[in-house]
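Contents: one structure, followed by commentary.
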Amino acid sequence: MPHDHTHEEHEALVIEDEAGNIDAQIIVDALQDVLISKGLLTAHEVTAAIAKLESPGVHLGAKAVVKAWSDPAYKKRLLEDGRAAVQELDIPVTEARIIVVENTSTLHNLITCTLCSCYPRSILGQPPSWYISKAYRARSVREPREVLKEFGLDLPMKVRLDVHDSNADMRYLVLPEPPADLHKRDLSEWEVMISRDHLIGVAREVR
Amino acid sequence: MTRFREGDQVCVLALGKGGHVRIPHYIRTQTGEVVEYGGTYLNPEDLAVGNTGGKAVDLYRVAFAQTALWPDEAHAAHDRLIIEIYDHWLAPSKDRSNAS
């Protein structure tokens, strides 16, 4: 599993197929040229749309997590209706339904999309390249405990593992367990320690 | 009134439909348990071919025992796979042996 924290900023957003082709990119470029030359679209509009797609990020999900850790009433609302609770934080959620799944001492949750790359993009931004890879999509359902080991998480067999295939209309976020020493730090300090991997479930403990 | 409720045992059908279907092969013919009703959505099989006037369909979250799905792999007995299945891909099941 390609996974290197130090290179996160350089992960490719466009993935070529196994043969290295980027046919789709060539078609998109040609279509964009035609639309711009016909005056139906400007290059500025394209850039603005890309910026909007890429602007959400893991920090928005982390905001909801620390609020849930510190406010039991909010946590209840987040687990009941993830979309409404995330929107309370002034985050515009475009997905129809957000399901928040809670990690506990006896349960761990892992999110995948075996069919393509479904991901709560309006909250977390674009998915990492490994999430879109065929290897992750196949192995996250078939041998999820092996996959977790490759991410450095050796989940004890006594902890139940629920794998959520985000195959249709709902999108998922993992609510990590609060650290035992939650009160020892400011919530804003914890917020930056919550990674995208925690919210997908390939990491477990926030520390 | 939905056809299934939380706790119902259901079997995923192998409809053999072509086109943009959202029910992966690995889950077809498997028996699981409804864990949540997810609301109604326009059928992606219709939407993919530009038909936005189709009937909205019920969508459920259904849980399956991983040991039943992948008998050759090392899963804990309590591990589950939870996936979204549209109503027309489900049939009631009397089989309670796969309850998770």
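One line per chain: the protein sequences are A and B, in this order.
As numbered in our numbering, residues 1 to 207 make up the first sequence, in order.
As numbered in our numbering, residues 1 to 100 make up the second sequence, in order.
All residues carry an ideal CB built from backbone N, CA and C; glycine is no exception.
Since this is a predicted model, take the numbers as computed values, not measurements.
List the residues of chain B whose Cβ lies closer than 7 Å to the Cβ of residue i, in chain order.
{"i": "Leu-31 of chain A", "result": "In chain order: nothing, as chain B lies at least about 18 Å away."}
{"i": "Met-157 of chain A", "result": "Ala-76"}
Give a yes or no on whether the C-beta atoms belonging to residue i and residue j are separated by under 9 Å.
{"i": "Val-49 of chain B", "j": "Leu-90 of chain B", "result": "no"}
{"i": "Pro-56 of chain A", "j": "Leu-124 of chain A", "result": "yes"}
{"i": "Ile-105 of chain B", "j": "His-164 of chain A", "result": "Any answer about residue 105 of chain B is impossible in this case: the structure gives chain B only from 1 up to 100."}
{"i": "Ala-64 of chain A", "j": "Leu-173 of chain A", "result": "yes"}
{"i": "Leu-13 of chain B", "j": "Tyr-41 of chain B", "result": "no"}
{"i": "Asn-51 of chain B", "j": "Tyr-86 of chain B", "result": "no"}
{"i": "Pro-144 of chain A", "j": "Ser-122 of chain A", "result": "no"}
{"i": "Thr-104 of chain A", "j": "Tyr-136 of chain A", "result": "no"}
{"i": "Gln-9 of chain B", "j": "Glu-33 of chain B", "result": "yes"}
{"i": "Asp-169 of chain A", "j": "Gly-19 of chain B", "result": "no"}
{"i": "His-59 of chain A", "j": "Val-192 of chain A", "result": "yes"}
{"i": "Ala-30 of chain A", "j": "Ile-36 of chain A", "result": "no"}
{"i": "Leu-153 of chain A", "j": "Ala-76 of chain B", "result": "no"}
{"i": "Val-21 of chain B", "j": "Glu-45 of chain B", "result": "yes"}
{"i": "Lys-67 of chain A", "j": "Lys-75 of chain A", "result": "yes"}
On a CA-only basis, which of the options is nearest residue i? Give me that one, please.
{"i": "Glu-36 of chain B", "options": "A:Arg-142, A:Arg-137, A:Leu-79 and A:Pro-156", "result": "A:Leu-79"}
{"i": "Val-147 of chain A", "options": "B:Tyr-86, B:Pro-92, B:Ala-74 and B:Val-57", "result": "B:Ala-74"}
{"i": "Leu-115 of chain A", "options": "A:Ile-132, A:Thr-104, A:Val-65 and A:Ser-105", "result": "A:Ile-132"}
{"i": "Arg-171 of chain A", "options": "A:Glu-191, A:Pro-128, A:Gly-201 and A:Pro-120", "result": "A:Pro-120"}
{"i": "His-78 of chain B", "options": "B:Phe-64, B:Tyr-86 and B:Asp-72", "result": "B:Phe-64"}
{"i": "Gln-210 of chain A", "options": "A:Val-28, A:Gly-61 and A:Ile-194", "result": "This structure leaves residue 210 of chain A out entirely; chain A is present only between 1 and 207."}
{"i": "Arg-185 of chain A", "options": "A:Trp-69, A:Ile-99 and A:Asp-90", "result": "A:Trp-69"}
{"i": "Asp-197 of chain A", "options": "A:Met-157, A:Ala-168 and A:Trp-130", "result": "A:Trp-130"}
{"i": "Arg-97 of chain A", "options": "A:Ile-36, A:Ala-30 and A:Ala-85", "result": "A:Ala-85"}
{"i": "Val-159 of chain A", "options": "A:Cys-118, A:Arg-204 and A:Thr-47", "result": "A:Arg-204"}
{"i": "Ala-138 of chain A", "options": "B:His-25, B:Ala-68 and B:Arg-5", "result": "B:His-25"}
{"i": "Pro-127 of chain A", "options": "A:Ala-49, A:Lys-38, A:Leu-199 and A:Val-46", "result": "A:Leu-199"}
{"i": "Lys-94 of chain B", "options": "B:Thr-31, B:Glu-45, B:Glu-6 and B:Lys-55", "result": "B:Thr-31"}
{"i": "Met-1 of chain B", "options": "B:Val-57, B:Ile-27 and B:Leu-15", "result": "B:Val-57"}
{"i": "Gly-82 of chain A", "options": "A:Val-141, A:Trp-190 and A:Leu-175", "result": "A:Leu-175"}
{"i": "Ile-27 of chain B", "options": "A:Ser-195, A:Pro-72, A:Val-141 and A:Pro-156", "result": "A:Val-141"}
{"i": "Lys-52 of chain A", "options": "A:Thr-94, A:Gln-25, A:Glu-189 and A:Met-157", "result": "A:Thr-94"}
{"i": "Lys-134 of chain A", "options": "A:Lys-149, A:Ser-117 and A:Glu-150", "result": "A:Ser-117"}
Closer than 7 Å by beta-carbon distance: list the chain A residues that pair up with residue i, in chain order.
{"i": "Gly-39 of chain B", "result": "Arg-97"}
{"i": "Leu-90 of chain B", "result": "Ordered by position in chain A, no residue passes the 7 Å Cβ test against Leu-90 of chain B, which lies about 13 Å from the chain."}
I want to verify the contact list: residues of chain B whose CB lies under 8 Å from the CB of residue i, in sequence order.
{"i": "Leu-148 of chain A", "result": "The contacting residues do not exist; Leu-148 of chain A stays about 11 Å from chain B at best."}
{"i": "Glu-102 of chain A", "result": "What Glu-102 of chain A touches in chain B: nothing, since even the nearest Cβ is about 13 Å away."}
Can you list the residues of chain A that residue i reaches, using a CB-CB cut of under 8 Å?
{"i": "Arg-80 of chain B", "result": "Arg-160, Leu-161, Asp-162 and Val-163"}
{"i": "Glu-84 of chain B", "result": "Asp-165, Ser-166, Asn-167, Ala-168, Asp-169 and Met-170"}
Counting only Cβ pairs nearer than 9 Å, list the residues of chain B close to residue i.
{"i": "Glu-143 of chain A", "result": "Trp-70, Glu-73, Ala-74 and His-75"}
Tell me whether residue i, by its Cβ, gets closer than 8 Å to a heavy atom of the ligand HEM.
{"i": "Tyr-60 of chain B", "result": "Absence of the ligand HEM from the depicted structure is noted, as is the absence of any ligand whatsoever, leaving it without description."}
(message) Which complete alpha helix (DSSP H) runs does the stretch 32–90 of chain B hold, if anything under 4 residues is left out?
(response) 44–47 and 66–69
(request) Please specify which runs of the beta strand (DSSP E), each continuous and at least 3 residues long, are wholly inside the stretch 114–198 of chain A, giving them in chain order. (result) Segments of the beta strand (DSSP E) lying fully in the stretch 114–198 of chain A: 160–165 and 170–175.
(message) My parser needs the alpha helix (DSSP H) runs of 4 or more residues fully inside the stretch 81–110 of chain A; what are they?
(response) 82–87
(message) Please identify, using Cβ separations under 9 Å, the residues of the stretch 168–180 of chain A that lie next to chain B, in order along the chain.
(response) Ala-168, Asp-169 and Met-170
(request) Could you please tell me which residues of the stretch 62–82 of chain A, in chain order, have their CB closer than 8 Å to any CB of chain B? (result) none
(message) Runs of 4 residues minimum, wholly inside the stretch 17–67 of chain A: which ones carry the alpha helix (DSSP H) assignment?
(response) 23–37 and 43–54
(request) Using a Cβ-Cβ cut-off of less than 7 Å, list which residues of the stretch 108–121 of chain A approach chain B; keep chain order. (result) Thr-114 and Leu-115
(message) Can you pull out the residues from the stretch 22–35 of chain B whose beta carbon lies closer than 9 Å to at least one beta carbon of chain A?
(response) Arg-22, Ile-23, Pro-24, Tyr-26 and Ile-27
(request) Check each residue of the stretch 45–64 of chain B: if its Cβ is closer than 9 Å to any Cβ of chain A, include it; give the result in chain order. (result) Leu-59, Arg-61 and Ala-63
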